[in-house]
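Below you'll find the structure, written out as structure tokens, and then a few comments.
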Amino acid sequence: MKPAPFEYVRAASLDEAAALLRRGDLDARLIAGGQSLGPMLNLRLAQPGLLVDITGVPELLAAERTADGVYLGACVTHANVEDGRVPDATGGILARVAGGIAYRAVRNRGTLGGSLAHGDPAGDWPCVLPTLGAVLQIDDGRSTRELPAGALLRAAFEPALAPGELIAGMRLPTLSPAARWGYYKHCRKPGELAEAMAAVLWDPERDILRVTLGALDDAPCALDDASALFGRSGSRLSDRFDSDAVDALLQSRGIDDPIAQQMHRVVLRRAVERACA
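Below, the structure written as structure tokens:
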């Protein structure tokens, strides 16, 4: 397994990286940790003419507290999040999620921005970050725009990025003390891609109830208002969980196989139960 020939440039700035992406004579691709793109290159599923290494761009390595949360650059690694070497506004949620991604060797190199831009619906961050209310900073070297994390993927492996645009970083708001969080994913064995995953954020003080379903055939299903899934009576959120409403949601996303529905429904219920624990 050897990649097709390509040129390699290590960008020193966002402007340079964006300019290289806009080159019309080569099919340029960004590379940071390379944990997704590397195997695709070796299998020749991807054959770019130019690889732009962005791990030397200072802005993409930033990690800092802000007035209302934290800002994390796109090249922050999963391992740095797992080990607490970057600020956190989520009470440890990010570290717990990062620690469950693949294997440590992958986490040492893989990056937040790379996971998002790759767009694998079975990836952890495309499921978790929309639930946490993350807002992405998209940069083309000339201007910057913001995009809710849940709106990034048009479909599986199809990020809503224009030519020359890249994910520069993300803002995550501080969760209130009343916020409850649940995350659950089903894998055949540790380290494998999930077959079903779900994230839940419930903050009654701020009237927030978000749910994201991942590992679908399409982009993750991010619900900024998931109250329709909790229409039954009960004092606890888990008591109000409505299986029929969940099944209807799954069917609307093209999941009509009974076994697949059962798997996604159970995974979501377990995420809800963790949020209530």
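full-length UniProt numbering puts the first residue of the sequence shown at 1, with every later residue one more than the last.
Cβ atoms here follow ideal geometry from the backbone N, Cα and C, with glycine treated the same way.
Of the residues Arg240, Leu166 and Leu153, the one placed nearest Gln137, counting alpha carbons only: Translated into the one-based positions of the sequence shown, residue 137 becomes position 137. Residue Leu166 is the option with its Cα nearest to Gln137.
Take residue 278 as the anchor and find which of Ala275, Ala245 and Arg210 has the nearest alpha-carbon. Nothing can be reported for residue 278, as the shown portion of the chain is limited to 1 through 277.
Worksheet item: Grouping DSSP H, G and I as helix and E and B as strand, with all else coil, what is Cys221?
Response: Walking along the sequence shown from the start, residue 221 turns up at place 221. Here DSSP, grouped into helix, strand and coil, assigns Cys221 to strand.
* **Inter-stretch contact at 8 Å, needing at least 3 Cβ pairs: the segment 95 to 111 / the segment 72 to 81** => Contact holds: three or more Cβ-Cβ distances are below 8 Å.
- Item | Beta-carbon proximity list for Leu201, same chain, < 7 Å, skipping 5 on both sides | Taking the sequence shown and counting its residues from 1, the one referred to as residue 201 is at position 201. For Leu201, where only same-chain residues beyond five positions count, the Cβ hits under 7 Å are Thr131, Leu132, Ala179, Trp181, Ile208 and Arg210.
Tell me, which residues are paired with Tyr103 by DSSP?
As a working mapping, residue 103 is identified with position 103 in the sequence shown. Answer is none; Tyr103 lacks a bridge partner.
Run of the alpha helix (DSSP H) containing Ile93, from where it starts to where it stops: Reading the sequence shown from its first residue, position 93 is the one you call residue 93. Counted as a single uninterrupted DSSP element, the alpha helix (DSSP H) harbouring Ile93 occupies residues Ile93 to Ala98.
**OP:** Counting only the same chain and skipping the five closest in sequence on each side, list residues whose C-beta sits under 7 Å from that of Ser243.
**Re:** Walking along the sequence shown from the start, residue 243 turns up at place 243. The residues are Arg265.
| What residue from Leu268, Tyr71 and Gly49 has the CA that sits closest to Ala222's CA? | Reading the sequence shown from its first residue, position 222 is the one you call residue 222. The candidate whose alpha carbon is nearest that of Ala222 is Leu268.
When Val128, Ala219, Ser233 and Arg23 are compared against Leu250, the one with the closest alpha-carbon: Numbered from 1 along the sequence shown, position 250 holds the residue referred to as residue 250. Ranking Val128, Ala219, Ser233 and Arg23 by CA distance to the CA of Leu250 puts Ala219 first.
Which residues DSSP lists as bridging Val52, in chain order:
Counting from 1 along the sequence shown, the entry for residue 52 is found at position 52. DSSP output for Val52 lists Val9 and Leu30 as bridge partner(s).
Given a threshold of 16 other Cβ atoms within 10 Å of its Cβ, counted over all protein chains shown, does Asp140 qualify as buried or as exposed?
Residue mapping note: residue 140 aligns to position 140 of the sequence shown, counting from 1. Burial is judged here by how many other beta carbons sit within 10 angstroms of a residue's own beta carbon; Asp140 has at least 16 and is buried.
Which parts of the segment 140 to 183 are runs of the beta strand (DSSP E), unbroken and 3 residues or longer, counting only runs that do not cross its ends? With a minimum length of 3 residues, the continuous beta strand (DSSP E) runs that stay inside the segment 140 to 183 are 144 to 148, 153 to 155 and 166 to 173.
Strictly by DSSP, which residues pair up with Val70? Here the question's residue 70 lines up with position 70 in the sequence shown. Paired residues: Arg65 and Leu172.
Note to self: Nearest by alpha-carbon distance to Ala260: which of Asp124, Val246 and Asp225 is it?
What the structure shows: Along the sequence shown, read from residue 1 onward, the residue named residue 260 stands at position 260. Answer by Cα proximity: Val246.
Query raised in the report: Cβ of Thr90 within 8 Å of Cβ of Leu172?
Result: Here residue 90 is taken as the residue at index 90 of the sequence shown, counted from 1. Here residue 172 is taken as the residue at index 172 of the sequence shown, counted from 1. Yes; because the gap between Cβ atoms is below 8 Å, this pair is in contact.
Inset, instruction - Report the rounded CA-to-CA distance for Leu26 versus Asp203, giving the unit in angstroms. - result: Taking the sequence shown and counting its residues from 1, one reaches residue 26 at position 26. Taking the sequence shown and counting its residues from 1, one reaches residue 203 at position 203. Here the alpha carbons of Asp203 and Leu26 stand approximately 47 Å from one another.
State the start and end residues of the unbroken beta strand (DSSP E) segment that holds Leu209.
As a first step, residue 209 is located in the sequence shown; it is residue number 209 there, counting from the start. Counting along the chain, Leu209 sits inside the beta strand (DSSP E) bounded by residues Ile208 to Gly214.
Requested in this report: Report yes or no: do the segment 4 to 11 and the segment 38 to 50 share at least 3 C-beta pairs separated by less than 8 Å?
Outcome: Yes, the segment 4 to 11 is in contact with the segment 38 to 50.
Practice prompt. Take Asp88 and list the residues in its own chain whose beta-carbon comes closer than 6 Å to its own, dropping the five residues that flank it on each side.
Written response: Taking the sequence shown and counting its residues from 1, the one referred to as residue 88 is at position 88. Same-chain partners within the cutoff: Leu94.
On a CA-only basis, which of Thr144, Pro159 and Asp124 is nearest Ala183? Give me that one, please. The count along the sequence shown starts at 1 and reaches residue 183 at position 183. A small fix is needed here, since residue 183 is Tyr in this sequence, not Ala. Between Tyr183 and the set Thr144, Pro159 and Asp124, the nearest pair of CA atoms involves Asp124.
Considering Cα atoms alone, identify which of Leu61, Ser238 and Pro258 is closest to residue 278. Not covered by the structure: residue 278. The range shown for the chain is 1 to 277.
Beta bridge counterpart(s) of Met197 as assigned by DSSP:
Position 197 of the sequence shown, counting from 1, holds the residue named residue 197. Listed as beta-bridge partners of Met197 by DSSP are Lys185 and Gly214.
query: Buried or exposed: Asp225, going by 16 or more other Cβ atoms within 10 Å of its Cβ?
result: Mapped onto the sequence shown, residue 225 falls at position 225. Residue environment analysis places Asp225 among the exposed positions, since fewer than 16 neighbouring C-beta atoms fall within 10 angstroms of its C-beta.
- prompt: Taking all protein chains shown into account, do 16 or more other C-beta atoms lie within 10 angstroms of the C-beta of Lys189, making it buried, or fewer, making it exposed?
  reply: For this step, residue 189 is matched to residue 189 along the sequence shown. Lys189 is exposed by the Cβ-count criterion.
ask   = Which word fits Ala84, buried or exposed, when buried means at least 16 other C-beta atoms lie within 10 angstroms of its C-beta?
value = If you number the sequence shown from 1, residue 84 lands on position 84. Contrary to the premise, residue 84 reads as Gly rather than Ala in this sequence. Under a 10 Å Cβ-count criterion, Gly84 is classified as exposed, with fewer than 16 other Cβ atoms of the shown protein chains found around its own Cβ.
Give the DSSP-derived three-state secondary structure of Val266 in the structure shown.
The residue you call residue 266 lines up with position 266 of the sequence shown. In the structure shown, Val266 sits in a helix (DSSP, three-state: H, G or I).
Nearest-angstrom Cα distance between Gly69 and Ala62? Position 69 of the sequence shown, counted from the first residue, corresponds to residue 69. Position 62 of the sequence shown, counted from the first residue, corresponds to residue 62. In a straight line, the C-alpha of Gly69 is about 14 Å away from that of Ala62.
Query - chain B contact for Asp120 (CB, 8 Å cutoff) - result: Absent from the structure is chain B; it holds one protein chain and no more.
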